[in-house]
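These protein sequences, in sequence, are chains A and B. Just so you know, we're using the numbering used here here: the first sequence kicks off at -9 and counts up by one. Just so you know, we're using the numbering used here here: the second sequence kicks off at -9 and counts up by one. As structure tokens, the structure follows; a few thoughts come after it.
2 protein chains.
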Amino acid sequence: MSKSLPAVITTLERAGGFASAQEVFQLMRKQGKPTGLATVYRALQKAATDNTVDVIRKDDGEALYRLCATGHHHHLVCTSCGKTVEVEGSAVEKWANSVAKNNGFKKVSHVVELFGLCQKC
Amino acid sequence: MSKSLPAVITTLERAGGFASAQEVFQLMRKQGKPTGLATVYRALQKAATDNTVDVIRKDDGEALYRLCATGHHHHLVCTSCGKTVEVEGSAVEKWANSVAKNNGFKKVSHVVELFGLCQKC
DNA sequence: AATGATATTGATAATCATTATCATTTTATG
DNA sequence: CATAAAATGATAATGATTATCAATATCATT
Ligand SMILES: [Mn+2]
Ligand SMILES: [Mn+2]
Ligand SMILES: [Zn+2]
Ligand SMILES: [Zn+2]
């Protein structure tokens, strides 16, 4: 997976924020760089496992991707206005790994999202 | 929505940990309380908006529901066989609260779930 | 009880993101 | 160039979720 990955990432970059695989697919078509849907999915998945993009899920379960400048991190989201703050989670990473080890689990991933009310709300 | 909701919740309770809508549907069938799939979905969605159940998403996007425990805790779930271990998260609680305070957020809640492969799998 | 209004149910079909196939094309390698 | 290996993409299959809508159950009023 090599020829298409850069083009997909570039498209995601131009998209600005979050974009679904389907949206990236459509954008590439409009930009004159049509690419197979399966290839778009493969590229985004690869980028996700490489931690070069973040993945979140809409309420309906659809995956949204975003170029990830800083590496793995989590989100603090205002439940009222939607304001989102990216937060570091090294403490959580360590905790997750130790919990996994203590229970004999391998290849552990985690979902960590924080919700609350921002200052304005 | 009333007749089916209690039965769905009871089934979710018996399931122990997390269960998908499809699993609840199958369980109710086996327990001699067959209920329509659409009804199961409706009941779980209602319970979710009422905050009587938690909703998380597997890596593949499938929604998992869990009866809101009386005592707050998290889960370590095997993505292969579904084995679930309840884990303490005081370290995460502290982290979440400090992150919230640093960003001026109030009434912070969090979703923290761990996924991996258990020893058998 | 009987009637009509309203809400719930569930079998079934439709939706749609994601994944699997697999033939074709491209790239790597000697 | 010749061959093998990897990437691509058109297409079909999968499967969870949602939409329909006719049949039932529940409620309210006479
Ligand atoms: Mn993390
Ligand atoms: Mn917690
Ligand atoms: Zn806010
Ligand atoms: Zn397992």
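From the three backbone atoms N, C-alpha and C, an ideal C-beta is built for every residue, glycine too.
Straight-line measurement puts the Cα of histidine 64 of chain A at about 18 Å from the Cα of glutamine 35 of chain A. Listed along the chain, the chain B residues whose CB falls inside 8 Å of the CB of serine -6 of chain A amount to none; the nearest CB is some 23 Å away. For glutamine 109 of chain B, the nearest beta carbon of chain A is closer than 8 Å to its own beta carbon. Taking each of B/Lys20, B/Cys108, B/Thr39, B/Lys23 in turn and checking the Cα distance to threonine 69 of chain B, the smallest one comes out for B/Cys108. Using a C-beta cut-off of 8 Å, the region 83 to 101 of chain A makes no contact with the region 10 to 22 of chain B, since fewer than three inter-stretch Cβ pairs fall below that distance.
Under the three-state reduction of DSSP, phenylalanine 15 of chain B is assigned to helix. When the beta-carbon positions are compared, leucine 104 of chain A and leucine 57 of chain A stay at least 8 Å from each other. In the displayed model, glutamate 83 of chain A falls within a helix according to three-state DSSP. Residue A/Asn92 holds the alpha-carbon nearest to the alpha-carbon of glutamate 76 of chain B among A/Ile(-1), A/Asn92, A/Ala28. Restricting attention to A/Leu54, A/Glu52, A/Phe8, A/Met(-9), the CA atom closest to the CA of alanine 28 of chain A is found in A/Met(-9).
Interface with chain A (8 Å Cβ-Cβ cutoff): serine 99 of chain B is included. DSSP places serine -6 of chain A outside any beta strand (DSSP E); the residue lies instead in the alpha helix (DSSP H), whose first and last residues are -6 to 5. Between valine 82 of chain B and valine 82 of chain A a beta carbon distance of about 6 Å is seen, short of the 8 Å cut, so the two are scored as contacting.
Chain order gives no chain B residues near leucine 34 of chain A, where near means a beta carbon separation below 8 Å; the closest approach is about 14 Å.
When the five nearest sequence neighbours on each side are left out, the beta carbons in the same chain lying within less than 6 Å of the beta carbon of threonine 25 of chain A are those of Ser(-6), Met18, in order along the chain. Using a 10 angstroms sphere on the CB of aspartate 50 of chain B, the tally of other CB atoms stays under 16, which defines it as exposed. According to the DSSP assignment, lysine 36 of chain B belongs to the alpha helix (DSSP H) that extends over 27 to 39.
For the region 3 to 17 of chain A, the beta-carbon criterion of a distance under 9 Å to any beta-carbon of chain B is satisfied by none of its residues. DSSP lists no beta-bridge partner residue for cysteine 111 of chain B.
Membership of cysteine 58 of chain A in any beta strand (DSSP E) is not indicated, and neither H nor E is assigned to it by DSSP. Lysine 91 of chain B carries a helical assignment under DSSP once its states are collapsed to helix, strand and coil.
Non-local beta-carbon contacts of alanine 11 of chain B in its own chain, meaning distances under 6 Å to residues more than five positions away in sequence, involve Val30, Tyr31, Leu34 in chain order.
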